[in-house]
Amino acid sequence: MVDAFLRRFNVPDDVPIEASMVSNAIRSAQGQVEARNFEIRKDVLKYDDVLNRQRLVIYAERRRVLEGEDIEEQVRSFINDTTEGYVRGATATGYPEDWDLDQLWTALKTLYPIQVTINEIIEASGGDRNGLTTEFLVRELVEDAEASYDEREESLGEEVTRELERRVILSVLDRKWREHLYEMDYLRDGIGLRAMAQKDPLIEYQREGFDLFNAMMDSIKEETVGYLFNVQVEVQEAGEGIVEVTADGAEVVLESHPEVIAPGLAPTRPTHLEYTAPGEDGGVEHESIDLPIEIDPNASRAERRRLERENRKR
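Heads up: the sequence shown begins at 1 in UniProt numbering, then just goes up one per residue.
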């Protein structure tokens, strides 16, 4: 390699390699290579920053669910947004008499058990399809969806519904995020070709990544709503209670919660949770949480003491 370099720059054979002319040429070439590598690394960080900002949103949402926050209001906003999206998509073009309400109702039936009929909606608008507006349909159908969810909650019970909401959102969120990561990798692999069309690949990656992220969030809302309305739920009644040992060694029997079983959902009360989170330096940090172990009040005294010691270590 050194011989090729010397021949390329016509360096005489009798010039020592440590001569200033050779050293300066090598230093200049090395500086150009390092500058190019620096620009490559800088571009990589810019691409990674797009995904890290998205990761912050998703992981913040996961933490809310894992930490047991009440997400009923969020679920109801999912129902409202999804129903409104269906209506606006069906009424975006044409006049009211041209809207395909039958197709809209068919789509809504796959989302939730719609109760109001097309004729009832037309009657409420004045008895004429020409009196329909997008805003009127949104208002009426959102109210119908909310009423259906109220009935769903009443049939399952408030406690079971809250637990089902947490587990469904976590399940859908994790699955959709994994799919989104694959799509972002695919986008990044081919984004360099945009330079051939005189477009900045980084700007195109940011723009299309933003569109993919918004589409993922809409899909999370839609699948969560459909799952909550349509999944078959089996509820196992709670036992006698959970024994918890306080700091002073006293035993307290806490209220036991019913077990919610549904296809595709993880167990209700895991004993260990692991997740990743974005670090301050833009990297990924792995975190884990050990949850308290439930103690069966019917277990032997020795077994209960052993589990109590395990809980103290957590």
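Don't be surprised by glycine CBs; every beta carbon is placed ideally from N, CA and C. Note that the structure is a prediction, hence the values are computed from the model and not measured.
(request) Determine the DSSP secondary structure at residue 42, reduced to helix, strand or coil. (result) Residue placement at residue 42 is flagged as unreliable, the pLDDT there being 45, under the threshold of 50; the coordinate-derived value follows with that caveat. In the three-state scheme derived from DSSP, where H, G and I count as helix and E and B as strand, residue 42 is classed as helix.
(message) At the level of alpha carbons, what is the spacing between residue 149 and residue 143?
(response) A direct Cα-Cα distance of roughly 10 Å separates residue 149 from residue 143.
(message) So for residue 65, helix, strand or coil by DSSP?
(response) Looking at residue 65 - three-state DSSP - the assignment turns out to be helix.
(request) Mark residue 210 as exposed unless 16 or more other C-beta atoms lie within 10 angstroms of its C-beta, in which case mark it buried. (result) Around the CB of residue 210, fewer than 16 other CB atoms lie within 10 Å, so the residue is classed as exposed.
(request) Drop a sphere of 10 angstroms on the beta-carbon of residue 186, count the other beta-carbons inside from all chains shown, and report buried for 16 or more, exposed for fewer. (result) Around the beta-carbon of residue 186, fewer than 16 other beta-carbon atoms lie within 10 Å, marking it exposed.
(request) Could you tell me whether the Cβ atoms of residue 159 and residue 72 are closer together than 8 Å? (result) Against a cut-off of 8 Å, the Cβ pair of residue 72 and residue 159 comes out as no contact.
(request) Taking only the alpha-carbon atoms, compute the straight-line gap between residue 96 and residue 131 and give it to the nearest angstrom. (result) For residue 96 and residue 131, the distance between alpha carbons rounds to 8 Å.
(request) Report buried or exposed for residue 91, applying the criterion of at least 16 other Cβ atoms within 10 angstroms of its Cβ. (result) Counting Cβ neighbours within 10 Å, residue 91 comes out buried, since at least 16 surround it.
(request) Quick one: give me the first and last residue of the alpha helix (DSSP H) that residue 115 is part of. (result) Where residue 115 is concerned, there is no enclosing alpha helix (DSSP H), given that its DSSP letter is neither H nor E.
(request) Take the Cβ of residue 178 as the centre, count every other Cβ of all protein chains shown within 10 Å, and call the residue buried at 16 or more, exposed below. (result) Per the 10 Å Cβ criterion, exposed.
(message) Quick check on residue 203: buried or exposed, where buried means 16 or more other Cβ atoms within 10 Å of its Cβ?
(response) Residue 203 comes out exposed.
(request) Taking residue 92 as part of the alpha helix (DSSP H), name the residues at either end of that continuous run. (result) Here residue 92 belongs to no alpha helix (DSSP H), and DSSP marks it neither H nor E.
(message) Once DSSP output is grouped into helix, strand and coil, what is the label at residue 71?
(response) The answer is coil: DSSP assigns residue 71 none of H, G, I, E or B.
(request) Please report the Cβ distance between residue 79 and residue 146, rounded to the nearest whole angstrom; I am assuming they are in contact, meaning their Cβ atoms lie under 8 Å. (result) Between the beta-carbon of residue 79 and that of residue 146 there is about 7 Å, and that keeps the pair under the 8 Å contact cut.
(message) Using the Cβ count rule (16 or more neighbours within 10 Å means buried), how would you classify residue 120?
(response) Around the beta-carbon of residue 120, fewer than 16 other beta-carbon atoms lie within 10 Å, marking it exposed.
(request) Grab me the residues of residue 136's own chain with a C-beta within less than 7 Å of its C-beta, minus the 5 sequence neighbours each way, in chain order. (result) Taken in chain order, the residues that qualify are 125.
(message) Do residue 265 and residue 155 count as a contact pair if the criterion is CB distance below 8 Å?
(response) No. Outside cutoff.
(request) State the Cα-Cα distance for the pair residue 129 and residue 87, rounded to the nearest angstrom. (result) Approximately 15 Å, taken between the alpha carbons.
(message) Along the chain, where does the alpha helix (DSSP H) containing residue 145 start, and where does it finish?
(response) It spans 134 to 156 - the alpha helix (DSSP H) in which residue 145 sits, taken as one unbroken run.
(request) Indicate the three-state DSSP secondary structure (helix, strand or coil) for residue 168 in the structure shown. (result) Residue 168 carries a helical assignment under DSSP once its states are collapsed to helix, strand and coil.
(message) Rounded to whole angstroms, what is the Cα-Cα separation between residue 176 and residue 233?
(response) One Cα belongs to residue 176, the other to residue 233, and the distance between them is close to 22 Å.
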